[in-house]
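With numbering that gives the first Met the number 0 applied, the sequence shown covers 0 to 111. In this text, a Cβ means the ideal position worked out from N, Cα and C, and glycines have one as well.
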Amino acid sequence: MAQITTHTLNSLDGTHASNVEVKLSLHGTEIFSGATDEGGRLKFDIDISSYQSTDEFFLSFGIGKLFGLKKKNKSGVKINYAALSFQMPDKDGQYHIPVIMSPNGCSFWWSG
């Protein structure tokens, strides 16, 4: 089984971003949904043995709810989720994908 971990951080005040909705999907189908804990962390195992190493997974973060983005900005854009597309070539690998979030954007990086 592969393991996915994340750590969400609030760039406005440097705190951990808790209760952020996180979804993993493949080919438009949601295969996992959860939320970060009070420390902004989430860890889950996923059986990817039936998938190809070249499959594109999407990890989505609910930044709209985190910052209460209920209204559109001046340009009319309303952001609900920020997503990252990635592959998991090692079916037993550990994939750590942290994200720093703000009301106006986010930054992903990976390690592990």
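- When only Cα atoms are considered, Gln86 and Ser32 end up about 18 Å apart.
- Your pair Asn9 and Thr35 does not check out as a contact, with CB atoms roughly 11 Å apart and the cut at 8 Å.
- When C-alpha distances from Lys64 are compared across Val21, His6, Gln51 and Thr14, the shortest belongs to Val21.
- In terms of Cα proximity to Thr28, the closest of Met0, Ile78, Lys77 and Asp54 is Asp54.
- For Lys64, the three-state secondary structure derived from DSSP is helix.
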